[in-house]
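One structure is given here, and the rest of the page talks about it.
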Amino acid sequence: VYYKGPDTRGRKKLMNGRGKPRRRYSQRGWRMRVYNGAKGMSKVPKGYRRWRRRGTKMVSTINFRNRKAFKRFIRGTPNENYVWEFYGKVRIRKTGTYSVCSTSDDGS
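Numbering-wise, the sequence shown is residues 2 to 109 according to our numbering.
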């Protein structure tokens, strides 16, 4: 996930999860979770959290180019039909308008 804004002088930059951890022993960054998806899935369905979670990992940036990159962090990532989600906080230090973008080869 990239962003650009006043603090980057309009240049695109990888977004780091830098917010303060909620719990004493939490890590900074993005919490990534991967779930098994439904066979033949064409979009992220509602209620996917009831599916089997394949793993959870903390990552500093969201920059995964392919399934192999996901598997480096969560070994149980399926070869196809999986759902991933990221949670984290972004600290904005400079007032202004920001753009946040992500890209995907499957329209998500």
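Cβ coordinates follow ideal geometry from the N, Cα and C atoms, glycine included.
Look up R73 in the DSSP assignment and say whether it is helix, strand or coil.
-> Against the sequence shown, residue 73 aligns to sequence position 72. Helix at R73.
Pull up the DSSP beta-bridge partners for G56, would you.
-> Residue numbering aside, residue 56 sits at position 55 when the sequence shown is read from its first letter. Looking at the DSSP output, G56 sits in a beta bridge with V35.
Grab me the residues of T78's own chain with a C-beta within less than 7 Å of its C-beta, minus the 5 sequence neighbours each way, in chain order.
-> Residue 78 sits at position 77 when you count from the first residue of the sequence shown. Contacts found: V35, R55, R68, F71 and K72.
Closest by CA to T9, which one among K44, R32, K95 and W85?
-> Translated into the one-based positions of the sequence shown, residue 9 becomes position 8. Among K44, R32, K95 and W85, the Cα nearest to that of T9 belongs to K95.
From the DSSP output, in three-state form, read off T96 for me.
-> The residue labelled residue 96 in the question sits at position 95 within the sequence shown. DSSP places T96 in coil when its eight states are reduced to three.
Segment limits, beta strand (DSSP E) that includes Y3 = On the sequence shown, residue 3 is found 2 positions in, with the first residue counted as 1. Its beta strand (DSSP E) spans residues Y3 to K5.
Using alpha carbons as the reference points, say which of G38, G41, V45 and S61 lies closest to G89.
-> Working through the sequence shown from its first residue, we reach residue 89 at position 88. Selected option, being the one with the closest Cα: S61.
Cα-Cα separation between K44 and V91, rounded to whole angstroms = If you number the sequence shown from 1, residue 44 lands on position 43. If you number the sequence shown from 1, residue 91 lands on position 90. If you draw a straight line from the Cα of K44 to the Cα of V91, it comes to about 27 Å.
Between which two residues does the beta strand (DSSP E) harbouring E86 extend?
-> Taking the sequence shown and counting its residues from 1, the one referred to as residue 86 is at position 85. Note, E86: beta strand (DSSP E), Y83 to Y88.
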